[in-house]
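Numbering (the working numbering), first residue to last: 3 to 153. Scroll down for the structure; my scribbles are underneath it.
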Amino acid sequence: MTSILVVCLGNICRSPLAHGILESKLPSDRFYVDSAGTANYHVGDSPDQRSIAVAKAHGIDISQQQGRQFKITDFDTFDYIYVMDHSNFENIVKLARHTEDIAKVKLILEVDSSISEKHVPDPYHGDISNFENVYKLLDNVTNIISRQLLS
3 MTSILVVCLG
13 NICRSPLAHG
23 ILESKLPSDR
33 FYVDSAGTAN
43 YHVGDSPDQR
53 SIAVAKAHGI
63 DISQQQGRQF
73 KITDFDTFDY
83 IYVMDHSNFE
93 NIVKLARHTE
103 DIAKVKLILE
113 VDSSISEKHV
123 PDPYHGDISN
133 FENVYKLLDN
143 VTNIISRQLL
153 S
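Below, the structure is given as structure tokens:
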């Protein structure tokens, strides 16, 4: 089974959306998708209500996800680790034990060469439109990821 981890700062806004969107596009008998945060602010918490609402508006239920912090053993568990921004990338790479760990980590927007800004904006301090914008970015890029993984 192929395993994919998506990571943001707190694991309540961006990564839960990416988790839910990607999971909805991949067969569960072949792929395992999870999410985590680089910080421990929201361990055990549900996703932000705005993330839940935007996902629900697109037919995806992320309400049962629970925030967790990235741990070094995630390098062993996951085949692919997609991060939302450069800060998340640096925080995860600092925990890497060797080059094989580092090779698993990618900025999620890197898979779309048409996007020049490779940073998924954090919608936390914005309104629902910011969450919808993040959803659209992640929906597009997860289409690319799922096509690559399924080919």
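Glycine included, each C-beta is placed from N, C-alpha and C at the ideal position.
Exercise. Classify H66 as buried or exposed, calling it buried when 16 or more other Cβ atoms lie within 10 Å of its own Cβ.
Key: In the sequence shown, counting from the first residue as 1, residue 66 sits at position 64. In the sequence on display, residue 66 carries Gln and not His. Taking a 10 Å sphere around the C-beta of Q66, we find fewer than 16 other C-beta atoms and assign the residue as exposed.
Exercise. Quick one: grab the DSSP three-state call for F91.
Key: By one-based count along the sequence shown, residue 91 stands at place 89. Note: F91 maps to helix in three-state DSSP.
Practice problem: Would you tell me roughly how many angstroms separate the C-alpha atoms of I64 and T40, rounded to the nearest one? | Solution: Here the question's residue 64 lines up with position 62 in the sequence shown. Here the question's residue 40 lines up with position 38 in the sequence shown. Taking the straight line from one Cα to the other gives about 19 Å.
Quiz item: Candidates V8, S148, A98 and A20: which alpha carbon is nearest F133's?
Solution: On the sequence shown, residue 133 is found 131 positions in, with the first residue counted as 1. Ranking V8, S148, A98 and A20 by Cα distance to F133 puts A20 first.
Self-check item: Supposed contact pair V56 and I130 - C-beta distance, whole angstroms, cut 8 Å
Solution: Here residue 130 is taken as the residue at index 128 of the sequence shown, counted from 1. Here residue 56 is taken as the residue at index 54 of the sequence shown, counted from 1. Rounded, the Cβ-Cβ distance is 7 Å, consistent with contact.
Quiz item: Buried or exposed: where does M3 fall if 16 or more other Cβ atoms within 10 Å of its Cβ makes it buried?
Solution: Within the sequence shown, the letter at position 1 stands for residue 3. Under this definition M3 is an exposed residue.
Quiz item: Starting from V136 and walking both ways along the alpha helix (DSSP H), at which residues does that stretch end?
Solution: Position 134 of the sequence shown holds residue 136. That run of the alpha helix (DSSP H) goes I130 to L152.
Quiz item: To which residues does DSSP link A38 through a beta bridge?
Solution: Taking the sequence shown and counting its residues from 1, one reaches residue 38 at position 36. The partner list for A38 (beta bridge, DSSP) reads V9.
Quiz item: Looking only at its own chain, which residues have a Cβ that is under 6 Å from the Cβ of I23, when we skip the five neighbours before and after it?
Solution: In the sequence shown, counting from the first residue as 1, residue 23 sits at position 21. L140, D141 and T144.
Quiz prompt | Best match in G12, R16 and I62 for proximity to L111 [C-alpha to C-alpha] | solution = The residue labelled residue 111 in the question sits at position 109 within the sequence shown. The closest CA to that of L111, considering only G12, R16 and I62, is found on R16.
Quiz item: Looking at C-alpha atoms only, which residue of C10, S148, V136 and H127 is the closest neighbour of R70?
Solution: Counted from its first residue, the sequence shown places residue 70 at position 68. Out of C10, S148, V136 and H127, the CA that lies nearest to the CA of R70 is found in C10.
Quiz item: Which of the three DSSP states, helix, strand or coil, is assigned to Q1?
Solution: This structure does not reach residue 1, given that the chain is present from 3 up to 153, and the question cannot be answered.
Quiz item: What is the rounded straight-line gap between the Cα of I117 and the Cα of G128?
Solution: Along the sequence shown, one-based indexing puts residue 117 at 115. Along the sequence shown, one-based indexing puts residue 128 at 126. In a straight line, the C-alpha of I117 is about 22 Å away from that of G128.
Quiz item: Should L7 and S148 be called a contact, given that it needs their Cβ atoms to be closer than 9 Å?
Solution: Here the question's residue 7 lines up with position 5 in the sequence shown. Here the question's residue 148 lines up with position 146 in the sequence shown. Contact: no.
Quiz item: Whose C-alpha, out of D114, S115 and N135, is nearest the C-alpha of D124?
Solution: In the sequence shown, the residue the question calls residue 124 occupies position 122. Of D114, S115 and N135, the residue nearest in Cα terms is N135.
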